[in-house]
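The next block holds one structure in the form of structure tokens; read it before the comments.
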Amino acid sequence: MIISFEYIFIELEKLLIQKLPDYIEKVNIKHNDGIILKKLENKSVHEECIKEPCFKFESLKGKQSQKDRIISQLVFELDFELKLKEQRKEKTIRFWRYLEAMQMMFDEEETQYSYNMCDFEKNHFFIEVREK
């Protein structure tokens with residue numbers, strides 16, 4: 000199967016909107032230190048969500064990558080911004096815990112694609128998506 004922008008978004012929307020709240024709860028239970036993550040307010044990947052906490056889809060880039068020495072593979076890099084309420088003292092901790100919940104979800108959920116959180120910059124996180 001050839002990797003497709005539309006299929007990625009269908010699966011990502013299912014993961015981020017329907018599955019992520021369960022993993023946020025797992026991270027809250029795991030750390031149990033009084034810092035409670037709220038579920039993200041987004042109702043879709045494309046939504047311009049104004050309530051916080053939420054994520055904002057910023058951009059998508061496609062590039063060719065070597066799967067092995069012979070096969071070339073299309074890889075998408077997605078840029079998201081994680082918007083959190085101004086709570087300076089705990090904002091960094093909250094940011095990393097949301098990413099921890101996302102990474103746990105990507106590792107544990109049966110998905111059609113492979114998701115790799117590949118870079119972080121201020122309140123942005125980047126996910127590489129490739130065929131399994």
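Read left to right, the sequence shown gives residues 0 to 131 (numbering that gives the first Met the number 0).
From the three backbone atoms N, C-alpha and C, an ideal C-beta is built for every residue, glycine too.
What does the Cβ neighbour count give for residue i, buried or exposed, with the cut at 16 atoms within 10 Å?
i, result
"L166", "A question about residue 166 goes unanswered here, because the residues of the chain that appear run from 0 up to 131."
"R87", "exposed"
"N31", "exposed"
"I7", "buried"
"I28", "exposed"
"I49", "exposed"
"F105", "buried"
"I9", "exposed"
Can you tell me where the alpha helix (DSSP H) holding residue i begins and where it ends?
i, result
"V26", "19-30"
"E107", "87-107"
Going by CA-CA distance only, name the one from the options that's closest to residue i.
i, options, result
"E99", "E109, Y112, M116, Q111", "M116"
"D78", "E51, N41, F124", "F124"
"K131", "K13, Q111, Y97", "Q111"
"F119", "E108, G61, M103, W95", "W95"
"R85", "P52, V74, E107", "Rather than Arg, the amino acid found at residue 85 in this sequence is Glu. Among P52, V74, E107, the Cα nearest to that of E85 is on P52."
"E109", "E5, F4, L14, R93", "L14"
"E5", "E89, D21, G61, L83", "G61"
Over what stretch of residues does the beta strand (DSSP E) that includes residue i continue unbroken?
i, result
"E130", "123-130"
"E51", "Note, E51: premise wrong, no beta strand (DSSP E); not H, not E."
"E10", "First-last for E10: 4-12, but that is the alpha helix (DSSP H), not the beta strand (DSSP E)."
"N115", "112-120"
Could you give the C-beta distance for residue i and residue j, rounded to a whole number, given that I count them as a contact under 8 Å?
i, j, result
"H45", "F56", "7 Å"
"E80", "E127", "Not a contact, Cβ separation roughly 17 Å."
"L36", "I23", "5 Å"
Taking 8 Å as the limit between beta carbons, can you name the residues of its chain near residue i, skipping five residues before and five after?
i, result
"K42", "I16, C48"
"I92", "I34"
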